[in-house]
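Peer 1:
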Amino acid sequence: MNYMDYLKTQKFPLFWCGGCGNGAVLGAIVRSFAALDYTLENTVVVTGIGCWGKADDYLTTNSFHGTHGRALAFATGIKLANPKLRVIALMGDGDGVTIGGNHFIHAARRNVDVTAILVNNFNYGMTGGQYSGTTPENSLTSTSRYGHIEAGFDICKLAEAAGAPFVARTATDNPPAMEKLISEGLDKKGFSFIEVIAPCPTHFGRNNGMRQAAELMQWVKDKSVSVAKAKTMSPEELHDKLIMGKLVDVDGEDYGSKYLRVIASASSGNEE
Numbered sequence: 105m106n107y108m109d110y111l112k113t114q115k116f117p118l119f120w121c122g123g124c125g126n127g128a129v130l131g132a133i134v135r136s137f138a139a140l141d142y143t144l145e146n147t148v149v150v151t152g153i154g155c156w157g158k159a160d161d162y163l164t165t166n167s168f169h170g171t172h173g174r175a176l177a178f179a180t181g182i183k184l185a186n187p188k189l190r191v192i193a194l195m196g197d198g199d200g201v202t203i204g205g206n207h208f209i210h211a212a213r214r215n216v217d218v219t220a221i222l223v224n225n226f227n228y229g230m231t232g233g234q235y236s237g238t239t240p241e242n243s244l245t246s247t248s249r250y251g252h253i254e255a256g257f258d259i260c261k262l263a264e265a266a267g268a269p270f271v272a273r274t275a276t277d278n279p280p281a282m283e284k285l286i287s288e289g290l291d292k293k294g295f296s297f298i299e300v301i302a303p304c305p306t307h308f309g310r311n312n313g314m315r316q317a318a319e320l321m322q323w324v325k326d327k328s329v330s331v332a333k334a335k336t337m338s339p340e341e342l343h344d345k346l347i348m349g350k351l352v353d354v355d356g357e358d359y360g361s362k363y364l365r366v367i368a369s370a371s372s373g374n375e376e
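Heads up, the sequence shown is in this note's numbering, so the first residue is 105 and it goes up one at a time.
1) Does DSSP put E288 in a helix, a strand or coil?
2) Out of A179, M230, G349, L111, point me to the one whose CA is closest to T151's CA.
3) So, using beta-carbon positions, are G173 and H207 closer together than 8 Å?
4) Apart from the five residues just before and just after G360, which ones in its own chain have a Cβ nearer than 8 Å to its Cβ?
5) Run the CB neighbour count on N225, radius 10 Å, all protein chains shown included, and call it buried at 16 or more, exposed below.
6) Buried or exposed: I286, going by 16 or more other Cβ atoms within 10 Å of its Cβ?
7) Measure the beta-carbon distance from N242 to F308 and round it to whole angstroms, keeping in mind my assumption that it falls under 8 Å.
8) What is the DSSP secondary structure of T306, reduced to helix, strand or coil?
9) Since I believe A272 is in contact with G289 (beta carbons under 8 Å), could you give me their beta-carbon distance rounded to a whole number of angstroms?
10) When burial is assigned at 16 or more other CB atoms within 10 Å of the CB, is R365 buried or exposed?
11) Can you give me the C-alpha to C-alpha distance between G233 and T245, rounded to a whole angstrom?
12) Quick check for students: name the residue ranges of the beta strand (DSSP E) that lie wholly in the stretch 137 to 188, counting only runs of 3 or more.
13) Who are the Cβ neighbours of A139 in its own chain at under 8 Å, not counting the five residues just before and after it?
14) Thinking C-alpha only, which one of T247, G267, V223 is nearest V354?
15) Please state whether DSSP places D217 in a helix, a strand or coil.
16) Taking a contact to mean a Cβ-Cβ separation below 8 Å, would you say V148 touches F168 in this structure?
17) Would you report the Cα separation of G200 and A175, rounded to the nearest angstrom?
18) Check whether the Cβ atoms of K325 and K345 lie closer than 8 Å to each other.
19) When the distance is taken between beta carbons, is G198 closer than 8 Å to G154?
20) Which residue comes first and which comes last in the alpha helix (DSSP H) that contains L262?
21) According to DSSP, is S338 part of a helix, a strand, or is it coil?
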């Protein structure tokens with residue numbers, strides 16, 4: 105299939121604001137679908153609420169649009185009900201780890217065979233730019249006008265600590281790297297987590313003195329270090345930096361495979 109086969113072009117132009125990275129992420133996803141020969145019938149994209157939650161509006165695959173913070177819960181149920189399906193959960197930082205943090209931890213812990221692609225725009229973009237669980241400390245938002253006093257989640261460290269076998273971070277300023285990591289995550293058996301850094305230009309950028317998308321992209325570049333370079337840096341030097349690349353890639357039996365083994369044992373009367 106051609107990557108355009110996965111897109112509802114009749115729904116264009118895209119809903120997102122000018123300068124938003126969501127369109128770039130969507131493009132990387134559909135190109136990855138095409139490269140991996142995903143079929144429309146066997147692919148399910150699960151979304152939650154928020155700007156990135158609109159992504160399923162533009163896809164010709166099967167889709168499930170759920171409630172705020174529950175995308176991974178729905179994705180888990182879909183995958184267990186039909187293990188043959190390829191299930192992808194698309195979440196924002198508010199949806200994925202602020203409201204949905206508990207589901208995120210347990211999906212990683214269980215190693216559910218779902219690919220989670222979380223677009224981190226550092227605030228609640230759709231509802232007015234309020235701070236989220238990933239908003240950097242001291243940032244200005246509509247609900248922290250004198251500077252945010254909380255430290256934001258490092259979502260990739262959270263995923264790794266919870267047991268995710270594949271964890272990666274990328275950004276919209278480097279489309280080839282973003283597409284490569286998304287493709288690797290989609291092709292990985294088990295829970296794959298890809299964080300895409302895409303700061304919100306409408307709220308986060310303007311509130312913090314970066315009114316143009318190019319300024320936001322430069323801000324991300326200035327904060328980014330590669331996995332290889334990070335290994336040579338001290339904890340002090342890495343403070344406030346974004347480590348880009350593949351952070352975890354290990355093998356392990358996924359939750360669905362274990363579950364099927366238990367069902368087989370139960371059916372045979374074997375309690376071992």
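Each residue gets a CB set at the ideal place from its N, CA and C atoms; glycine is no exception.
Peer 2: Inspection of the coordinates gives the following:
1) For the purposes of this step, residue 288 is taken as residue 184 along the sequence shown, with counting starting at 1. Helix, per DSSP.
2) Against the sequence shown, residue 151 aligns to sequence position 47. Nearest C-alpha to T151 among A179, M230, G349, L111: A179.
3) For the purposes of this step, residue 173 is identified with residue 69 of the sequence shown, where counting begins at 1. For the purposes of this step, residue 207 is identified with residue 103 of the sequence shown, where counting begins at 1. For the pair G173 and H207, the CB atoms are nearer than the 8 Å cut-off.
4) As a first step, residue 360 must be located in the sequence shown, where it is residue number 256. The answer, listed in chain order, is K183, L184, P187, V216, D217.
5) Stepping through the sequence shown from its first residue, residue 225 is reached at position 121. That one is buried.
6) Residue 286 sits at position 182 when you count from the first residue of the sequence shown. That one is buried.
7) Within the sequence shown, the letter at position 138 stands for residue 242. Within the sequence shown, the letter at position 204 stands for residue 308. Incorrect: roughly 13 Å between the Cβ atoms, too far for contact.
8) The residue given as residue 306 occupies position 202 in the sequence shown. When secondary structure is reduced to three states using DSSP, T306 falls in the helix class.
9) Translated into the one-based positions of the sequence shown, residue 289 becomes position 185. Translated into the one-based positions of the sequence shown, residue 272 becomes position 168. The pair is a contact, with the Cβ atoms about 6 Å apart (cut-off 8 Å).
10) Numbered from its first residue, the sequence shown carries residue 365 at position 261. R365 is exposed by the Cβ-count criterion.
11) Residue 233 sits at position 129 when you count from the first residue of the sequence shown. Residue 245 sits at position 141 when you count from the first residue of the sequence shown. So the alpha carbons of these two residues sit roughly 6 Å apart.
12) As far as the stretch 137 to 188 is concerned, its whole beta strand (DSSP E) runs of at least 3 residues are 147 to 151, 166 to 169.
13) By 1-based counting over the sequence shown, the position of residue 139 is 35. Cβ neighbours of A139 beyond the five flanking positions: S287.
14) The residue you call residue 354 lines up with position 250 of the sequence shown. When only C-alpha atoms are compared, the closest one is G267.
15) Walking along the sequence shown from the start, residue 217 turns up at place 113. D217: coil per DSSP, three-state reduction.
16) Residue numbering aside, residue 148 sits at position 44 when the sequence shown is read from its first letter. Residue numbering aside, residue 168 sits at position 64 when the sequence shown is read from its first letter. Yes. Within cutoff.
17) The residue given as residue 200 occupies position 96 in the sequence shown. The residue given as residue 175 occupies position 71 in the sequence shown. If you take the alpha carbons of G200 and A175, they lie about 8 Å apart.
18) Locating residue 325 in the sequence shown gives position 221, counting from the first residue. Locating residue 345 in the sequence shown gives position 241, counting from the first residue. No; because the gap between Cβ atoms is not below 8 Å, this pair is not in contact.
19) Taking the sequence shown and counting its residues from 1, one reaches residue 154 at position 50. Taking the sequence shown and counting its residues from 1, one reaches residue 198 at position 94. The answer is yes: Cβ separation under 8 Å.
20) Position 158 of the sequence shown holds residue 262. Per DSSP, L262 is one residue of the alpha helix (DSSP H) stretching across 259 to 266.
21) Taking the first residue of the sequence shown as 1, we reach residue 338 at position 234. Looking at S338 - three-state DSSP - the assignment turns out to be coil, as it is neither helix nor strand.
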